[in-house]
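Sequential numbering from 36 applies to the sequence shown in our numbering.
The beta-carbon is built from N, C-alpha and C at its ideal position, and this holds for glycine as well.
As structure tokens, the structure follows; a few thoughts come after it.
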Amino acid sequence: MKRLPATLLLLGAAGLPCGAAGARWELQFFHDAIDSEFAIHDLAFPSERTGVAAGLLLEKGNARPRILVTRDGGRSWKLLETREVGLSLFFLREDLGWMVTDRGIWRTADGGSSWEKISRLRDLLRVYFLDPKHGYAVGARKSAYETTDGVHSWDRLAAADLPDSRPERTVYGWIEFADPKQGSIVGWSAPPRAERESLPDWMDPERAEKRRLWPTFTIVLQTGDGGRTWRHSTTSMFGRITR
Numbered sequence: 036m037k038r039l040p041a042t043l044l045l046l047g048a049a050g051l052p053c054g055a056a057g058a059r060w061e062l063q064f065f066h067d068a069i070d071s072e073f074a075i076h077d078l079a080f081p082s083e084r085t086g087v088a089a090g091l092l093l094e095k096g097n098a099r100p101r102i103l104v105t106r107d108g109g110r111s112w113k114l115l116e117t118r119e120v121g122l123s124l125f126f127l128r129e130d131l132g133w134m135v136t137d138r139g140i141w142r143t144a145d146g147g148s149s150w151e152k153i154s155r156l157r158d159l160l161r162v163y164f165l166d167p168k169h170g171y172a173v174g175a176r177k178s179a180y181e182t183t184d185g186v187h188s189w190d191r192l193a194a195a196d197l198p199d200s201r202p203e204r205t206v207y208g209w210i211e212f213a214d215p216k217q218g219s220i221v222g223w224s225a226p227p228r229a230e231r232e233s234l235p236d237w238m239d240p241e242r243a244e245k246r247r248l249w250p251t252f253t254i255v256l257q258t259g260d261g262g263r264t265w266r267h268s269t270t271s272m273f274g275r276i277t278r
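Written out as structure tokens, the structure is:
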């Protein structure tokens with residue numbers, strides 16, 4: 036049996052100021068193809084004109100890395116091939132950005148039209164750059180790295196190893212700088228459960244609904260000097276700080 040056309044909707048607000056009640060949303064992109072789906076993993080607009088969406092095209096049982104690029108504020112989009120699946124995006128300027136994949140870090144100098152692989156680090160989820168050379172990368176297995184040349188050298192962030200948690204259960208999932216000095220990395224370490232409960236929630240939704248919620252070991256790394264030094268704090272809380 037053929038599947039119904041899959042759709043992907045990118046919406047843009049129009050007609051009223053941001054936050055106004057009743058603001059309208061207009062359809063910006065529509066993926067309509069038999070036996071095809073396009074899943075967006077991350078979306079970034081470094082300017083009013085340029086937008087990039089990283090994701091995965093699922094077509095006849097095959098998964099193909101793809102990105103969408105717009106140069107006119109979302110009125111038209113171009114689907115481009117990439118060599119690896121994009122998980123997240125970060126742009127410093129309209130032309131300069133980075134893409135984290137399941138197998139490394141890629142860099143673009145032309146707003147997403149072409150990409151160059153600059154690192155083969157694994158288990159990463161996000162990057163954040165303060166300038167074209169100084170950046171950070173964080174992810175699973177207690178991964179946190181810093182670069183000062185923007186390309187070749189990535190050094191492990193020593194402060195990321197200080198919290199008392201098992202690397203295989205620890206994820207640093209977000210990084211943000213409020214200004215060039217003040218920055219935070221947030222993460223969590225999930226408590227181990229019995230083997231019989233180790234299946235993902237989607238494989239056993241009834242058990243997941245009835246399962247007692249356990250606190251998560253939450254980790255925050257903070258710097259006040261642009262990354263020269265970091266301090267860490269931990270707490271037990273229900274849920275996760277994701278952003």
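Less than 8 Å between the beta carbons of F125 and V162, yes or no? In terms of Cβ geometry, F125 and V162 form a close pair [threshold 8 Å].
Inter-stretch contact (C-beta, 8 Å, three-pair minimum) for the stretch 158-178 and the stretch 111-119: With a cut-off of 8 Å, the stretch 111-119 and the stretch 158-178 do not count as touching, because too few Cβ pairs lie within range.
From the DSSP output, in three-state form, read off R204 for me. Three-state DSSP puts R204 in a helix.
Which class does R242 belong to by DSSP, given the choice of helix, strand or coil? Residue state, collapsed to three classes: helix.
For A74, does the three-state DSSP call read helix, strand or coil? Three-state result, A74: strand.
Among A194, T205, Y207 and A213, nearest to W265 - alpha-carbon criterion: Of A194, T205, Y207 and A213, the residue nearest in Cα terms is A194.
To the nearest angstrom, how far is it from the Cα of R275 to the Cα of P226? Approximately 12 Å, taken between the alpha carbons.
For S148, which residues in the same chain have their Cβ closer than 8 Å to its Cβ, ignoring the five residues on either side in sequence? Hits under 8 Å: V104 and L115.
How many whole angstroms separate the CB atoms of S123 and L160, which I take to be in contact at a CB cut-off of 8 Å? The pair is a contact, with the Cβ atoms about 6 Å apart (cut-off 8 Å).
So what's D20 in DSSP terms, helix, strand or just coil? Coverage of the chain is limited to positions 36 through 278, which leaves residue 20 absent and any answer about it impossible.
Cutting at 6 Å between CB atoms, please list the residues of its own chain near R9, excluding the five before and the five after it. This structure gives no information on residue 9, because the portion of the chain shown stretches from 36 to 278.
On the criterion of 16 or more Cβ atoms from any shown chain inside 10 Å, does I69 qualify as buried, or is it exposed? Under a 10 Å Cβ-count criterion, I69 is classified as exposed, with fewer than 16 other Cβ atoms of the shown protein chains found around its own Cβ.
Please report the straight-line C-alpha distance between G261 and A144, rounded to a whole angstrom. Rounded to whole angstroms, G261 to A144 spans 24 Å at the Cα level.
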